[in-house]
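Below: one structure, written as structure tokens.
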Amino acid sequence: MTAPLLPNHLVVPVVVIDDADQAVPLGKALLAGGIAVMEVTLRTEAGLEGIRRLAELEGMTVGAGSVLTPAQVDEVVEASATFVVSPGISPDVVRRAQELDVPALPGISSSTDLMSAVALGLREVKFFPAGLLGGPKMIKALSAPFGGITFMPSGGVTLDNLGEYLALPCVPAISGTWMVEKSLVNAGRWDEITRLAAEATAAAQAATV
Numbered sequence: 014m015t016a017p018l019l020p021n022h023l024v025v026p027v028v029v030i031d032d033a034d035q036a037v038p039l040g041k042a043l044l045a046g047g048i049a050v051m052e053v054t055l056r057t058e059a060g061l062e063g064i065r066r067l068a069e070l071e072g073m074t075v076g077a078g079s080v081l082t083p084a085q086v087d088e089v090v091e092a093s094a095t096f097v098v099s100p101g102i103s104p105d106v107v108r109r110a111q112e113l114d115v116p117a118l119p120g121i122s123s124s125t126d127l128m129s130a131v132a133l134g135l136r137e138v139k140f141f142p143a144g145l146l147g148g149p150k151m152i153k154a155l156s157a158p159f160g161g162i163t164f165m166p167s168g169g170v171t172l173d174n175l176g177e178y179l180a181l182p183c184v185p186a187i188s189g190t191w192m193v194e195k196s197l198v199n200a201g202r203w204d205e206i207t208r209l210a211a212e213a214t215a216a217a218q219a220a221t222v
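The working numbering puts the first residue of the sequence shown at 14, with every later residue one more than the last.
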């Protein structure tokens, strides 16, 4: 079984890049703000090359998001992604990640999804889209019959509500986009991204004291 990812990171930014040249400056900006993990999605053609370049950035843990097929698992692992995230749960994707000894965080939205996750031997899942599915109250309800499962809420998580999620013992980390908004990345506003990352890190740490 692969080592757990979430206990090591309180805030996991979800990154969409249009140009692979944005990847390393963005990674450096996040590191300067105290965030040492990135989920780079495959929503653009630059995502895979961005992962490849970020893998050489010392101190940064780089994963791939929007992974939909086993073939994409192979591609992102070859590019040196160290974890894979999916919007839903696919046994084929999870099993391929497990074969390659890479943590997989599939998206779940129901108890049925969680049953599938348990059957695959998973202990960590993504709860997506968290804001539309009932937020912290829904996670609390789902966690009751699934002891030992930890959740990373994603979708609708903000600076204002991250504390509500992290207050739950079954939520060791949250996922969000507000500190890496596409407009900021495309404008090269690295100082602003560092400020937002530091703000998010401080809020998350305060919520878990």
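For every residue, glycine included, the Cβ atom is placed at its ideal position computed from N, Cα and C.
Item: beta-carbon Glu-91 near the ligand HEM non-hydrogen atom, thresh 8 Å; Value: What this structure holds is no ligand at all, so the ligand HEM is not there to describe.
Item: Sequence-distant residues of its chain with Cβ nearer than 6 Å to Lys-223 (five each side left out); Value: There is no way to answer for residue 223, as the model of the chain reaches only from 14 to 222.
Item: Stretch pair the segment 199-213 + the segment 158-166: three plus CB contacts closer than 8 Å; Value: no
Item: Bridge partner(s) assigned by DSSP for Ala-154; Value: In DSSP, Ala-154 forms no bridge with anything.
Item: Runs of beta strand (DSSP E) wholly within the segment 118-153 (minimum 3 residues, chain order); Value: 137-140
Item: Under the three-state DSSP convention, the category Gly-76 falls into; Value: strand
Item: Expected contact under 8 Å - CB spacing of Ala-217 and Leu-23 to nearest Å; Value: 4 Å
Item: Top-ranked residue by Cα proximity to Leu-124, from Met-151, Ala-33, Leu-67 and Val-222; Value: A small correction: the amino acid at residue 124 is Ser; Leu does not occupy that position in the sequence shown. Measuring from the Cα of Ser-124, the nearest candidate turns out to be Met-151.
Item: Between the CA atoms of Asn-21 and Asp-3 - distance to the nearest angstrom; Value: In the structure as shown, the chain begins at 14 and stops at 222. Residue 3 is therefore absent and cannot be evaluated.
Item: Phe-164 - partner residues in DSSP beta bridges; Value: Val-138
Item: Glu-69 burial status per 10 Å Cβ neighbour count (16 or more: buried); Value: exposed
Item: Contact set for Val-90: own chain, Cβ-Cβ below 6 Å, skip 5 residues either direction; Value: Leu-113 and Val-115
Item: Beta-carbon spacing of Val-97, Leu-118 below 9 Å; Value: yes
Item: Pair within 9 Å by beta-carbon distance, Ala-210 and Ile-48; Value: yes
Item: Residue span of the beta strand (DSSP E) that contains Val-115, given as start and end; Value: Note, Val-115: premise wrong, no beta strand (DSSP E); not H, not E.
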